[in-house]
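For reference, the structure is listed below as structure tokens.
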Amino acid sequence: MWNELFLLPFLTGLGLAVLLPLLGCYLRLRDEWLAALAYSHVAAAGALLALVAGLAPVIGGLAAAGLAGVTKRFFAHRLAGGASYAMLLLGGWSVAVLIAANQPLAERLGHALFDGQLYFAGSEQLAQVCAAVVVGLSFLRLLSGRLLLAHVYPDFFRIRGLRAWPIESGFDVLAALLLALATMNMGVMGAFSLVFIPPWLAFRRARNWRNGLWLALLIGVVAYLAAFLAALGLDQPFGPILALLLISLGLVIA
Amino acid sequence: MSQLIHLEQVVAGWQQPATGPVDLSLEAGEVLGLTGPNGVGKSTVLAAMTGRARVFSGRIEQRPGLRLALQTQDVPPVDGLPLSGRELLALTGAGAAGLPPWLAGRIDDRLDRLSGGQRHYLALWAILQAPADLVLLDEPTNNLDAAGVGHLTAHLRERAAAGAGMIVVSHDAAFVEAVCDRIIVLGARDVE
């Protein structure tokens with residue numbers, strides 16, 4: 111593990127294990143946890159498309175998820191009740207699987223994205239995740255009060271002259287980009303399990319919002335550490351091990 | 025006293041008009057009651073003042089820089105959300121000082137673990153105590169017991185004495201009588 115071969119992936123995943131549970135708390139607040147799965151699938155499709163086009167996969171993943179985050183609000187009224195996320199999820203999954211099935215070049219990356227292999231992360235990925243942690247945590251801290259106020263008192267929020275759309279769209283784009291980056295590094299389901307399960311457990315047990323954020327963070331990091339060691343020791347793909355650990359933790363706590 | 029808001033022959037609604045022409049004005053420090061039968065458009069008048077409902081005719085003038093606070097009949101969606109009463113108050117800039125004793129001791133509890141009445145009063149308090157010049161209240165006594173109504177009545181009078189204007193929509197005749205300086209009864213498509 112202390113070998114650089116494993117240290118860089120470990121630190122990359124640790125950054126995501128800090129970021130994703132906190133992001134998940136705000137997605138859960140907005141009842142948009144399905145967004146995590148949608149953005150991850152769209153990012154996977156974008157990455158594969160970029161690879162086929164001769165571009166860096168991370169650019170394609172970020173661009174596709176970012177575009178989904180930007181355009182989502184334009185369809186929100188027609189696709190209410192989470193339908194927009196279901197459409198994005200199915201569309202992303204279909205495109206990704208079709209590209210992987212028909213392009214030998216994309217097959218390996220496709221497997222990595224859906225199997226959840228963290229161990230391909232290098233110094234470039236670590237630098238991207240470090241930047242995402244700094245930017246993501248700063249924006250979440252900035253948006254936190256307004257996201258909570260908009261959820262609890264939407265009328266009060268509006269009559270105070272606070273515009274909802276820059277905050278909501280800003281959060282959508284932030285969530286899409288962070289999830290795209292997470293998908294590139296730990297796969298679709300690895301990212302989703304860190305976004306969904308720690309906040310779900312924290313919301314059940316926490317005394318207040320602040321406590322809930324810390325609890326989600328703690329659950330995410332502990333599960334990540336255990337999953338990293340287990341996957342390494344058992345020579346198994348990281349994503350499924352992380353998801354199984356979080357599910358077990360969830361069932362015990364719930 | 026200075027005028028906070030003035031409505032002149034305002035007909036408001038959503039897809040179509042839901043009120044008769046309404047005339048009213050409110051001074052700082054005044055509490056105005058708005059009553060009338062169901063469906064006459066009392067809540068719609070409040071919604072028009074905040075820009076949420078459509079004004080079909082007439083005009084609404086507000087004092088420049090007027091800070092509004094609005095309590096609606098919607099219950100804040102806090103089920104399953106780990107949000108404490110203290111955090112709720114902080115969101116609107118409200119303080120906990122002055123809360124009734126039966127609620128002050130539970131200010132750090134999660135909102136979804138309070139009774140319906142306690143939760144309603146805290147949600148109401150967060151709006152009432154928010155920094156505002158004009159407070160609009162829509163059926164504030166819903167879910168409150170006698171102690172809650174008594175505390176609310178006293179607090180509204182204190183808030184008015186401190187200079188805030190208030191418009192209260194309520195079916196609770198005794199409460200309206202106790203708390204309001206003036207009462208307007210909206211009838212079917214007219215104003216008394």
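Chains as they are written, first to last, in the working numbering: chain X, 111 to 364; chain F, 25 to 216.
Just so it is clear, CB atoms sit at the ideal spot from N, CA and C, and this is done for glycine as well.
A residue is called buried when at least 16 other Cβ atoms come within 10 angstroms of its Cβ; X/E234 does not meet this threshold and is exposed.
Residue pairing by DSSP places F/E85 opposite F/H30 in a beta bridge. A residue is called buried once 16 or more other Cβ atoms fall within 10 Å of its Cβ, and X/G164, having fewer, is exposed. Counting only runs that start and end inside the region 76–161 of chain F, the alpha helix (DSSP H) elements of at least 4 residues fall at 109–116, 125–128, 140–152.
For F/T59, no alpha helix (DSSP H) run applies; the uninterrupted beta strand (DSSP E) run containing it begins and ends at 55–59, by DSSP. Per DSSP, the unbroken beta strand (DSSP E) holding F/G189 starts and ends at 189–193. Listed by position along chain X, the residues whose Cβ is nearer than 8 Å to that of F/T74 are D265, R268, I269. The alpha carbon of X/L198 has as its nearest neighbour, out of X/G179, X/A216, X/A211, X/Y229, the alpha carbon of X/G179.
Taking 8 Å as the cut-off, the beta carbon of X/L291 is found no closer than this to the beta carbon of X/L121.
Residues of chain X with a Cβ closer than 9 Å to the Cβ of F/R134 are, in chain order, A316, R317, N318. F/D47: member of the beta strand (DSSP E) spanning 46–51, first to last residue. Its chain contains L253, R256, L257, A260 as the residues whose beta carbon lies nearer than 8 Å to that of X/I277, once the 5 sequence neighbours on both sides are disregarded; these appear in chain order. Within the region 190–202 of chain F, no residue places its CB atom closer than 7 Å to a CB of chain X.
For the 8 Å CB-CB criterion, F/E111 and F/H30 do not form a contact. Of all alpha-carbon atoms in X/R138, X/V239, X/A174, X/P350, the one lying nearest the alpha-carbon of X/L118 is that of X/V239.
In this structure, X/W275 sits away from X/R138, with a CB-CB distance that is not shorter than 8 Å. At a cut-off of 8 Å, the C-beta of X/L219 has no neighbouring C-beta in chain F.
Contact note: F/I151 reaches chain X through Y263, F266, using a C-beta cutoff of 8 Å and chain order.
A distance below 8 Å separates the beta carbons of F/L107 and X/W319.
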